[in-house]
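Participant: First residue of the sequence shown? That's 103 in this note's numbering, and the numbers climb one at a time after it. Quick one: structure below, then a few questions.
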Amino acid sequence: MARTGQPSRERVAAASRSLAILDVLAAEGELGTNEIARRTGAVPSTVSRQLATLVESQLVEHVPENGRYRLGIRLVELANSVLTRLDVRTVARPHLEALVAAVGETGTLSVPGDPDAITVEVVQAEHYVRGVSQLGRPSIAHATAAGKVMLAFTDRKPQPPLVAYTRKTVTSVHDLEQELERIRRRGWADAYEEREPELNAIAAPVWSSAGELAGIVALQGPIPRFGRAPARKALPLLLERADAISRELGAADRKGHVWGQVLH
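If you want it as structure tokens, here you go:
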């Protein structure tokens, strides 16, 4: 009776040791058996047995040239199977809700389309006067904050002629290209009365695990409430949520792209 549950506990302990080894290799790259033992606090002989099991399952690779160990290719396959199940809408929705609750303006999620970004999720503000976003509505590439994020971070190009929706719409390809370069540097976009009079918006990119633009998170509201000063005040919250969504989708801290930062 004293041994009831013992095999189960041993399996749990073995699994925990394996996870500790994987964590250490993820942090360090390549390590030898003794180095892994020191970092995990396990006995080298135990680590050696665990490594043999991990190598057999292709979760870890043995490097013949130096006798060390590193993470195996099967981890990539397992990670991809999880990431493919992650729907950007599902991941983004709670962040949009929190953003709208904090700021009080309408939040949207758009995805890259052709030629414009497409709204796929909307969380409406509680105000009677609010933005006109709705599912499936295009975010015009050159005239909206979400659209400009799409142009800045994909290979899509502005399609002239650039229609003037308001007197503030950017209609010069040269001027738009300069603005897109600023967006790439700072990591976010804005649009003040460019698509509709009296409506302002800010937007930030959401990144996939492959480092590609997976979506665009935006806030929009009417000028009486969401002028330039309130929009700038809301910007750090927008960037925080966009980055959180990116991380949940598997995006690492990017070296090739700019995490959003508030630059003037």
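Backbone N, C-alpha and C fix where the C-beta goes; we use that ideal spot for every residue, glycine too.
1. Find the nearest neighbour of R191 within the set T208, S212 and L180, judged by alpha-carbon distance.
2. Pick from V193, P214, I123 and G206: whose alpha carbon is nearest that of R170?
3. Less than 8 Å between the CB atoms is what I'm expecting for L161 and R176, so what's the real figure, rounded?
4. Runs of 3 residues minimum, wholly inside the segment 203-253: which ones carry the beta strand (DSSP E) assignment?
5. Just to check my reading of the structure: E132 and V165 have Cβ atoms closer than 8 Å, yes? What is that Cβ distance to the nearest angstrom?
6. Tell me, to the nearest whole angstrom, how far the beta carbon of L282 is from that of A303; I am working on the premise that it is less than 8 Å.
7. Determine the contact status of L198 and V222, defining contact as a CB-CB distance below 8 Å.
8. For Q322, count neighbouring Cβ atoms within 10 angstroms of its own Cβ and tell me buried if that reaches 16, exposed if not.
9. Report all residues from its chain with a CB closer than 7 Å to the CB of A144; omit the five preceding and five following residues, and keep chain order.
10. Going by Cα to Cα distance, which pick from R111, V308, A204 and P146 is closest to K335?
11. Identify whether I347 lies in helix, strand or coil by the three-state DSSP scheme.
12. Alpha carbon to alpha carbon, how far is V224 from G209?
13. Between R269 and P240, what straight-line distance do the alpha-carbon atoms span, to the nearest angstrom?
14. Whole angstroms is fine: what's the gap from V231's alpha carbon to A306's?
15. Please report the straight-line C-alpha distance between T135 and H244, rounded to a whole angstrom.
16. Taking the alpha-carbon positions, what's the I138 to L121 distance?
17. What residue range does the alpha helix (DSSP H) around E163 cover?
18. From the DSSP output, which residues share a beta bridge with A116?
19. Taking the straight line between their C-alpha atoms, what separation do you get for P338 and G215?
Facilitator: Short version:
1. Minimum Cα-Cα distance from R191 among the listed residues T208, S212 and L180 corresponds to S212.
2. Per the C-alpha coordinates, the member of V193, P214, I123 and G206 positioned closest to R170 is I123.
3. In this structure L161 is in contact with R176, their Cβ atoms being roughly 5 Å apart against a cut-off of 8 Å.
4. Within the segment 203-253, the beta strand (DSSP E) runs of at least 3 residues that lie entirely inside it are, in chain order, 208-213 and 219-225.
5. Between V165 and E132 the Cβ distance is about 6 Å, and since that is below 8 Å, they are a contact.
6. At roughly 16 Å, the Cβ-Cβ gap does not stay under 8 Å, so L282 and A303 are not in contact.
7. In this structure, the beta-carbon distance from L198 to V222 does not fall below 8 Å.
8. Here Q322 is buried, its C-beta having at least 16 other C-beta atoms within 10 Å.
9. Once the five neighbours on either side are set aside, the close Cβ partners of A144 are R119.
10. Of the candidates R111, V308, A204 and P146, the one whose C-alpha sits nearest the C-alpha of K335 is A204.
11. Helix, per DSSP.
12. Roughly 6 Å separates the two Cα atoms.
13. If I take the Cα positions, the gap works out to 20 Å.
14. Because the pLDDT of V231 is 49, which lies under 50, any placement of that residue in the model is unreliable, and the number read from its coordinates should be weighed accordingly. Rounded to the nearest angstrom, the two C-alpha atoms are 24 Å apart.
15. So the alpha carbons of these two residues sit roughly 56 Å apart.
16. The straight-line gap separating the alpha-carbon atoms of I138 and L121 is approximately 12 Å.
17. Run containing E163: none in the alpha helix (DSSP H); it sits in the beta strand (DSSP E), V162 to V165.
18. Beta bridge pairing from DSSP links A116 with no other residue.
19. Cα to Cα, P338 sits roughly 26 Å from G215.
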